[in-house]
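Q: Numbering (the working numbering), first residue to last: -16 to 114. A virtual CB, placed ideally from N, CA and C, is assigned to each residue, including glycine. Please read all numbers here as calculations on a predicted model, not as lab measurements.
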Ligand code: 5GP
Ligand code: ZN
């Protein structure tokens, strides 16, 4: 059983910050800022592609609710919602999950340098995505 399934099953005691029949959310134990929350489906799905659309809808509704609490109860002005989807994207726990990371200042965000398309490259990518 994966570590998040063990948490949901109560084998590793973790107090939820939000839960319903489809979703379970708790504090990340190594927060980017205090109040960093992980939101996940109760059932084990490895990544976004495996997670059914109805479950994704329940997750994003929970993200909205928890995000409001992060602003109202913890007094943060903003937050990021991050999914590391796949090992190359930084996913370490292979039970799909959404990070809600409270933000105080835009300077906290580390965003990689952005690239520029060469001539025709953007159109080529678009064509592939539309095919
Ligand atoms: P990933 O890199 O897979 O997107 O993120 C996994 C997250 O889970 C990390 O931010 C890590 O701190 C958190 N995490 C891993 N194991 C535990 C745990 O046992 N308890 C809690 N509360 N968080 C965990
Ligand atoms: Zn799991």
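When the distance is taken between beta carbons, is residue 46 closer than 7 angstroms to residue 81?
A: Taking the first residue of the chain shown as position 1, residue 81 is located at position 98. Taking the first residue of the chain shown as position 1, residue 46 is located at position 63. Taking 7 angstroms as the Cβ cut-off, residue 81 and residue 46 qualify as a contacting pair.
Q: Does residue -8 come out as helix, strand or coil in the three-state DSSP assignment?
A: On the chain shown, residue -8 is found 9 positions in, with the first residue counted as 1. It is coil, neither helix nor strand.
Q: Relative to the ligand 5GP, what is the chain-ordered list of residues with a Cβ closer than 5 angstroms to any of its non-hydrogen atoms?
A: Working through the chain, the matches are 11, 12, 13, 67, 74, 75 and 76.
Q: Which one of 61, -16 and 19 has the shortest CA to CA distance from residue 25?
A: Numbered from 1 along the chain shown, position 42 holds the residue referred to as residue 25. Measuring from the Cα of residue 25, the nearest candidate turns out to be -16.
Q: The beta strand (DSSP E) that contains residue 65, what's its start and end?
A: Taking the chain shown and counting its residues from 1, one reaches residue 65 at position 82. Run containing residue 65: 61 to 65, per the beta strand (DSSP E) assignment.
Q: Pick helix, strand or coil for residue 83, following the three-state DSSP scheme.
A: For the purposes of this step, residue 83 is taken as the residue at position 100 of the chain shown. DSSP places residue 83 in strand when its eight states are reduced to three.
Q: Taking 6 angstroms as the cut-off, is the CB of residue 80 close to at least one heavy atom of the ligand ZN?
A: The residue you call residue 80 lines up with position 97 of the chain shown. The answer is no for residue 80.
Q: On the DSSP bridge list, what partners appear for residue 6?
A: The residue given as residue 6 occupies position 23 in the chain shown. 24, per the DSSP bridge assignment.
Q: Whole-angstrom Cβ separation of residue 49 and residue 89, contact assumed at under 8 angstroms?
A: For the purposes of this step, residue 49 is taken as the residue at position 66 of the chain shown. For the purposes of this step, residue 89 is taken as the residue at position 106 of the chain shown. Wrong, their Cβ atoms sit about 21 angstroms apart, outside the cutoff.
Q: Where does residue 17 land, buried or exposed, given buried means 16+ other C-beta within 10 angstroms?
A: Mapped onto the chain shown, residue 17 falls at position 34. Exposed, since its Cβ has fewer than 16 Cβ neighbours within 10 Å.
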